[in-house]
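*Asks:* Residue 27 in UniProt numbering sits at position 27 of the sequence shown; the count goes up by one each step and never skips.
Backbone N, C-alpha and C define an ideal beta-carbon position, used for all residues, glycine too.
Have a look at the structure that comes next, please.
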Amino acid sequence: MSKQWIVYLSGEIHTDWRERIQSGAQAAGLDVSFVSPVTDHASSDDVGVNILGKEDDSFWHDHKGAGINAIRTQTLIKDADIVVVRFGDKYRQWNAAFDAGYAAALGKSIITLHDPALTHALKEVDRAANAVCESPEQVVEILEYVINKR
Numbered sequence: 001m002s003k004q005w006i007v008y009l010s011g012e013i014h015t016d017w018r019e020r021i022q023s024g025a026q027a028a029g030l031d032v033s034f035v036s037p038v039t040d041h042a043s044s045d046d047v048g049v050n051i052l053g054k055e056d057d058s059f060w061h062d063h064k065g066a067g068i069n070a071i072r073t074q075t076l077i078k079d080a081d082i083v084v085v086r087f088g089d090k091y092r093q094w095n096a097a098f099d100a101g102y103a104a105a106l107g108k109s110i111i112t113l114h115d116p117a118l119t120h121a122l123k124e125v126d127r128a129a130n131a132v133c134e135s136p137e138q139v140v141e142i143l144e145y146v147i148n149k150r
């Protein structure tokens, strides 16, 4: 009986990298369940005030949302076998770096995914990773290797 692997997909939300990994894994016949944070930016940012009430101070607006989102992300990262963290070339992605650090603290297997231009900026994160990829297809190849031994 084979194990179903759980892969958490963390990071930037502006490109199709998640879909490329998911479709590649499906095409390879991998027994993988993919999970991720909420990727709708407005929903993620506003969840706290939408549920717990409006805030005039942006700190508390963000604080409420971050707390609720942390319930999801921390639970899914704890349950994951592998955490893939994608860093894009736009925006400061502190949440992705935090997810990578949290996964490292839990002893999770980590794959980072980013363009070579970000290598220096992400050297500490990459050092904690088991593999550093430049394309979603490389991530799929790693998943195929570790899951199917080929």
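Have a look at the DSSP bridge pairing and note the partners of valine 132.
*Replies:* As a working note, residue 132 is residue 132 in the sequence shown. According to DSSP, which records beta bridges pairwise, valine 132 is partnered with Thr112.
*Asks:* Compute the Euclidean distance between the alpha carbons of isoleucine 13 and histidine 61, then round it to the nearest angstrom.
*Replies:* Mapped onto the sequence shown, residue 13 falls at position 13. Mapped onto the sequence shown, residue 61 falls at position 61. Those two C-alpha atoms are separated by around 21 Å.
*Asks:* Near valine 49, what residues of its chain come up, given a Cβ to Cβ distance below 8 Å and the 5 sequence neighbours on each side ignored?
*Replies:* Position 49 of the sequence shown holds residue 49. Glu55, His61, Lys64 and Gly65.
*Asks:* Please report how far the alpha carbon of valine 139 lies from the alpha carbon of aspartate 16, in whole angstroms.
*Replies:* The count along the sequence shown starts at 1 and reaches residue 139 at position 139. The count along the sequence shown starts at 1 and reaches residue 16 at position 16. Roughly 14 Å between the two C-alpha positions.
*Asks:* For the beta strand (DSSP E) containing leucine 9, name the first residue and the last one.
*Replies:* Translated into the one-based positions of the sequence shown, residue 9 becomes position 9. From DSSP, the beta strand (DSSP E) with leucine 9 extends over 5-11.
*Asks:* Bridge partners for valine 146 per DSSP, in chain order?
*Replies:* In the sequence shown, counting from the first residue as 1, residue 146 sits at position 146. DSSP, once it has assigned bridges, lists no residue as partnering valine 146.
*Asks:* Quick check on the DSSP output: what are the complete beta strand (DSSP E) runs of length 3 or more inside the segment 57-102, in order along the chain?
*Replies:* Those beta strand (DSSP E) runs which fall completely within the segment 57-102 and span 3+ residues are 82-86.
*Asks:* If you run the structure through DSSP and keep just helix, strand and coil, what is serine 23?
*Replies:* Sequence index remark: in the sequence shown, residue 23 carries index 23 (1-based). Residue state, collapsed to three classes: helix.
*Asks:* Return helix, strand or coil for valine 32, following the three-state DSSP convention.
*Replies:* Here the question's residue 32 lines up with position 32 in the sequence shown. If DSSP states are grouped into helix, strand and coil, valine 32 belongs with the strands.
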